[in-house]
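**Student:**
Residue numbers (full-length UniProt numbering): 1 to 231.
1. Which same chain residues end up closer than 6 Å to residue 227 when comparing Cβ atoms and leaving out the 5 residues on each side of it in sequence?
2. Could you tell me whether the stretch 86-105 touches the stretch 48-60, where touching means 3 or more Cβ pairs closer than 8 Å?
3. Following the continuous beta strand (DSSP E) through residue 125, name the residue where it begins and the one where it ends.
4. Let me make sure I understand the geometry here. Which of 76, 31, 99 and 106 has the alpha-carbon closest to that of residue 219?
5. In or out: residue 65 buried (at least 16 other Cβ within 10 Å) or exposed?
6. Using CA atoms only, rank isn't needed, just tell me which of 155, 164, 182 and 183 is closest to residue 176.
7. Who are the near neighbours of residue 215 in its chain, counting only those whose CB is closer than 8 Å to its CB and skipping five residues on each side?
8. Give the list of continuous beta strand (DSSP E) stretches no shorter than 3 residues that lie fully inside the UniProt domain "DUF3823" (123-227).
9. Is it the case that the Cβ atoms of residue 224 and residue 210 are separated by a distance below 8 Å?
10. Closer than 8 Å by C-beta to residue 181: which residues in its own chain qualify, once you throw out the five before and the five after it? Chain order, please.
11. Quick check: the Cα distance between residue 166 and residue 104, rounded to an integer number of angstroms?
12. Within 8 Å, do at least three Cβ pairs link the stretch 188-204 to the stretch 64-82?
13. What would DSSP say about residue 57, mapped onto helix, strand or coil?
14. Locate the beta strand (DSSP E) running through residue 85, then write down its first and last residues.
15. CA-CA distance, residue 268 and residue 163?
16. Would you list the one or two residues that DSSP bridges to residue 232?
17. Using a Cβ-Cβ cut-off of 7 Å (strictly less than) and excluding sequence neighbours within five positions of residue 132, which residues of its own chain qualify?
18. Do residue 34 and residue 116 have their beta-carbon atoms positioned less than 8 Å apart in this structure?
19. Can you tell me whether residue 14 is buried or exposed, with buried defined as 16 or more other CB within 10 angstroms of its CB?
20. Could you say which of 53, 31, 27 and 26 lies nearest to residue 37 if we only look at CA atoms?
21. Enumerate in chain order the residues of its own chain whose CB-to-CB distance from residue 107 is below 7 Å, with the five nearest sequence positions on each side excluded.
22. Can you check whether the CB of residue 138 is closer than 8 Å to the CB of residue 193?
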């Protein structure tokens, strides 16, 4: 009986020591934040929140097949992760609304790490203007085709939320182009408000945003900033 009690005490003490040892392990000690900016214009690369770009990162030193982690790029083209361990990482930027970059090696130091990634968007939306003209919302803009990929479609999106996009809209006007364009080619899209009086209620405010997408298996919409209009 005494031996049994002694063994139980040893097991309990060992468990307590192990638990304390686990609790004393250091947690994440770094912040990884930054921006995606247009290499040519210096502007932030606008995104959509539900299916936009992501920053993928792999911490080195965790065996032959370390897990791939990721963080969502915010609507304005910035990203932030306040719970990351310092160490050596591989950064992968290959699935977004920009031309993929080569895998980058990066050392994350304890504390704040801020990185600006310069990328080339598939399409540049130039001089966007969205306004109410009569009973229509009219979007005027120019496009620059950055790659050889043909332009798939152009869109004008509407929603009550500022994060309006291809995946978040209640009304959209989309036109398929399926062709290459000349740089600076001008376009115009409009939404006839009389056709959507039950959805876009007169007297209320809504957000509108221009989007354009290239052909390609991994391409996503490029966007203008959203604009709030009283209709």
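All C-beta atoms, glycine included, are put in the ideal place defined by N, C-alpha and C. Source: prediction; values computed, not measured.
**Tutor:** Walking through what the data contain:
1. 130 and 208
2. yes
3. 123-133
4. 99
5. exposed
6. 155
7. 149, 150, 151, 152 and 178
8. 123-133, 136-145, 151-159, 171-179, 185-192 and 205-214
9. yes
10. 143, 145 and 151
11. 30 Å
12. no
13. strand
14. Where residue 85 is concerned, there is no enclosing beta strand (DSSP E), given that its DSSP letter is neither H nor E.
15. Residue 268 falls outside the range modelled here, since the chain spans only 1 to 231, and no answer is possible.
16. Outside the displayed range of the chain (1 to 231) lies residue 232, so it cannot be described from this structure.
17. 229 and 231
18. yes
19. Note on residue 14: pLDDT 48, under 50, position unreliable in the model; the coordinate value appears next. Classification for residue 14: exposed.
20. 53
21. 88
22. no
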